[in-house]
Amino acid sequence: MSNLSDILRHQSSGLREAVQQTLAQPFTSLLTIFSIALALCLPGLLLSTLEQMQQSNISIEGERKINVFLKMNSADETIMGLVNQLTNDERIIKLEQINPDAALASLREKSEFGNTLDALTDNPLPTTLILTAATTLENPAIESLAQELESYSEVDQARLDSEYLQRIAQLGKFMRTLVTIVAILFLALVCLVLMNNARLEILRRREEIEVTKLVGGTDGYIIRPFVYQALILCFIGSLLALLLISLIFSAISPALADLVSGYESTFELKIGRKTRLYLPVITVLAAVTATWITVKSTLKNIYIQ
Amino acid sequence: MIELKHLGKRYPGGQEALLDINLSIDKGEMVFLSGHSGAGKSTLLRLLALIERPTRGKISLNDKVVSNLPAHSIPYYRRNIGMIFQDHRLLPDHTIADNVALPLRISGVDQSVIQRRVDAALDKVGLLKRSKFMPIELSTGQQQRVGIARAVVSRPSILLADEPTGNLDHELSMDIMKLFQEFNDVGVTVIIASHDQAIMESFAKRQVELKEARLVSDSAAHSEEVDV
């Protein structure tokens, strides 16, 4: 038992028996695999969606923009003075000035209100400054900068994009908590299915296990096929879950693309790297542990030591 | 050598299954445990195989106390003992060859060695040609032979048989006993629990009688007669 070849021989023997047991009851095995796959679908879907949302968040967060709308009919000298002042402010790394005429032309070009805009006698748009805050600034500092800008006499309104980002971040935090809870619940469901399977299988094969013990079988020898079977079923089940998630994403992608196009976003649903890795690994580890504990404890009920 | 000293077994309900058993069995000896049903023969064999633990006294094998072996060591101890049961305890959904190969698979023996030793064991009990049969396809006597092949395939130094001829007629019983005799002839210690007096008398072997959980007689010259 001490050398590596003995250990490998015992492990391969356990694996071979697990494969034989899995193939010997194809209907039961398929049923278990589909149960696992379906149970993993919801946490997998949520995890992937969250992952994509987080990635989208990161790209928006990098911008850290404040839109400063100046009061109507502000004098050019006043605007120039403010621009100079803000350009020298080290909290601001970029400043873009949009004149009312340019803003109106852009609006006319991008929107469907060209005729309506033509009817206007005066340009209703103010001069706008788009500021990008330094990356060293935390959210509270950016908010405080926006409030400070709003207190200037030339400024009508300073709107912070991070308010929207904060809401997204809060939503993300809520989603993460929800996904974690859902994932734990469904993982527990998978473990319970496998634990129950293992327990019933032990009861079905009680005589065989007793004989195995009588002729010198260790607990390890008896447990190994059960653990390997859980590993096989869970691994196939989680791959099937990934396939199902992929199919679901494909089915809802066109509708989602229409929805997000209105927000000028490229957000799309696909199975993320973390989901591809975590779903099979965590499921297999949890299932193997749960099965080992179940078989070990159930074996104690078999009278033979 | 197997040595039992003041061995006792009391079940949780208070029933005494064995009381103060003192017995020495030499290496290579063949011993019959006789007595009526409930006398304690099967319990004694179960204690020897450490299927159960004694509540008093101790069991030694080759001067080493084994009755207090930790649970994880028992399987390795049991690999040195071949066990034969009255009901054979064959696995119904495995072939004869697979049943016989079980102890070797458990020990991690190479497949080529397993094949050779299974064939040899089945040949010894006269069932080599039926190695691919399922247990249900064999007669009771043949099933018992498979049980014996399984017990001896790993070449144990001790064979424990619990009423191995209980379900067989006299002729088949004699055949089975002759098999035990053959294993004993090559140095295997054989302990057989039986209540078939005629069979036991056919073999001039040591006979230990149990009655109401006590050892009441031992035919061995070196043993003392125990008063009831």
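Which chain is which? The protein sequence lines are E and B, in order.
Going by our numbering, the first sequence opens with residue 1, and the numbers climb by one from there.
Going by our numbering, the second sequence opens with residue 1001, and the numbers climb by one from there.
No residue lacks a Cβ here, since even glycine has one placed at the ideal position from N, Cα and C.
Everything numeric in this text was worked out from a predicted model, so none of it was measured.
Closer than 8 Å to the CB of B:ILE1106 there is at least one CB belonging to chain E.
Where E:LYS270 is concerned, there is no enclosing beta strand (DSSP E), because DSSP gives it neither an H nor an E. Short of 8 Å from the beta carbon of B:LEU1128, and not among the five residues preceding or following it, lie these beta carbons of its own chain, in chain order: ASP1119, LEU1122. DSSP places E:PHE186 within a helical segment (H, G or I) once states are collapsed to three.
In this structure, B:ARG1089 lies away from B:ALA1049, with their beta-carbon atoms at least 8 Å apart.
For B:LEU1168, there is no enclosing alpha helix (DSSP H), since its DSSP letter is neither H nor E.
In this structure E:LEU95 is not in contact with E:LEU149, their Cβ atoms being roughly 12 Å apart against a cut-off of 8 Å.
The beta-carbon of B:ARG1056 is placed no less than 8 Å from the nearest beta-carbon of chain E. By the rule that beta-carbons nearer than 8 Å mark a contact, E:GLY14 does not touch chain B. When DSSP reads this structure, B:VAL1125 sits in no beta bridge, so it has no partner. Around the beta carbon of B:MET1083, a 10 Å sphere encloses 16 or more other beta carbons of the protein chains shown; the residue is thus reported as buried. At least one CB atom of chain E sits nearer than 8 Å to the CB of B:LEU1091. Listed in chain order, the non-local C-beta contacts of E:ILE93 below 6 Å within the same chain comprise THR132, ALA134, local neighbours out to five positions each way being set aside.
Inclusion of E:LEU45 and E:ILE236 in the CB contact set at 8 Å is not warranted, their separation being larger than that value. Residue contact with chain B for E:THR28: absent (no Cβ-Cβ distance below 8 Å to any residue of chain B). Taken through DSSP and simplified to helix, strand or coil, E:ASN67 comes out as strand. Around the beta carbon of E:HIS10, 16 or more other beta carbons lie within 10 angstroms, which makes this residue buried. Under a 10 Å Cβ-count criterion, E:ALA158 is classified as buried, with 16 or more other Cβ atoms of the shown protein chains found around its own Cβ.
Counting only the Cα atoms, B:GLU1163 lies some 13 Å from B:HIS1170.
Its Cα nearest to that of B:ILE1176, the residue B:GLN1144 stands out among B:VAL1186, B:ALA1204, B:ARG1206, B:GLN1144. When secondary structure is reduced to three states using DSSP, E:GLU90 falls in the coil class, being assigned neither helix nor strand. Under the Cβ distance rule, E:ASP6 counts among the residues neighbouring chain B, one pair being separated by less than 8 Å. At a cut-off of 8 Å between beta carbons, B:TYR1076 contacts chain E. DSSP lists no bridge partner for B:PHE1203. Under a criterion of Cβ atoms nearer than 8 Å, the residues of chain E adjacent to B:ARG1150 are, in order, VAL215.
In terms of beta-carbon proximity, B:LEU1102 lines the interface with chain E, with at least one pair separated by less than 8 Å. Scanning its chain for C-beta atoms nearer than 8 Å, with the 5 sequence neighbours on each side dropped, one finds around B:PRO1156 the residues ARG1079, ASN1080, ILE1081, GLY1082, VAL1188, in chain order. Distance check between B:ILE1106 and each of E:LEU239, E:GLN170, E:ILE223, E:THR275 places E:ILE223 closest, using alpha-carbon atoms only. Residues of chain B with a Cβ closer than 7 Å to the Cβ of E:THR218 are, in chain order, PRO1075. Taking the Cα positions, E:VAL193 is about 54 Å away from B:MET1200. By the beta-carbon neighbour count (other beta carbons within 10 angstroms, threshold 16), B:ASN1062 is exposed. Secondary structure at B:MET1134: coil, using DSSP grouped into helix, strand and coil.
With a minimum length of 3 residues, the unbroken runs of beta strand (DSSP E) contained wholly in the segment 1008-1080 of chain B fall at 1016-1025, 1030-1034, 1056-1061. Residue contact with chain E for B:MET1083: present (Cβ-Cβ distance below 8 Å to some residue of chain E). Three or more pairs of CB atoms, one per stretch, sit closer than 8 Å, so the segment 1205-1222 of chain B contacts the segment 1027-1041 of chain B.
By the neighbour-count criterion, in which a residue is buried when 16 or more other Cβ atoms sit within 10 angstroms of its Cβ, E:LEU120 is exposed.
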